[in-house]
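Enquirer: Handing you a structure now.
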Amino acid sequence: MFLKLIGSTGLSLFFMSLVSKEAQATFFGSMPGPGTIALKDSTGATIDPAKNHPTDGYKISQLDDSGSTYLYFAYVNKDGAWYIQRETISGINTGDYRYFKGSSDFAANWSNRSGLAYDDFDDIF
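Per mature numbering (1 follows the signal peptide of the UniProt record, and there is no 0), the sequence shown runs over residues -25 to -1, 1 to 100.
The structure is reproduced here in structure tokens:
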């Protein structure tokens, strides 16, 4: 068993040394340049793995944990855009997260956070 394993490993390495990098890309994915890997979706379009998440750049600014039904978390970015995340902590929807976002007047909206119309993440962002 051990000799078969060593033999097959040796043959694999020998085969790989004979095949060029372009041919290896056929078997192991695209290799557009040295040290880079191209990711593609099911249609063959290149995917940028460094694409930003919608909430990248936001930092937590406020927290309200005084209520018995909801927790509120406020996030603001450097340009003044903001969003408030509401977590349900009691009742039938415990564990639900809902969001509200805006681009200005954070202070007034934070003061009125309980009266805002929150929605699901994919509907807000």
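Note that beta-carbon positions come from the ideal geometry of N, C-alpha and C, so glycine has one too.
Taking just the CA atoms, how far does D94 sit from A25?
Expert: So the alpha carbons of these two residues sit roughly 27 Å apart.
Enquirer: Let me know the secondary structure DSSP gives D31 once reduced to three states.
Expert: It is coil, neither helix nor strand.
Enquirer: Since I believe F75 is in contact with I64 (beta carbons under 8 Å), could you give me their beta-carbon distance rounded to a whole number of angstroms?
Expert: With a Cβ gap of about 17 Å, I64 and F75 do not count as contacting.
Enquirer: Considering only the alpha carbon of each residue, which of Y50, P29 and D31 lies closest to L38?
Expert: Of Y50, P29 and D31, the residue nearest in Cα terms is Y50.
Enquirer: If you drop the 5 nearest sequence neighbours on each side, which residues of the same chain put their C-beta closer than 8 Å to that of T44?
Expert: Around T44: T63, I64, S65 and G66.
Enquirer: Helix or strand or just coil, what does DSSP make of I99?
Expert: In this structure, I99 counts as helix in the three-state DSSP scheme.
Enquirer: Over what stretch of residues does the beta strand (DSSP E) that includes A49 continue unbroken?
Expert: Looking at the DSSP string, the run of the beta strand (DSSP E) that includes A49 is Y45 to V51.
Enquirer: In or out: F81 buried (at least 16 other Cβ within 10 Å) or exposed?
Expert: Buried.
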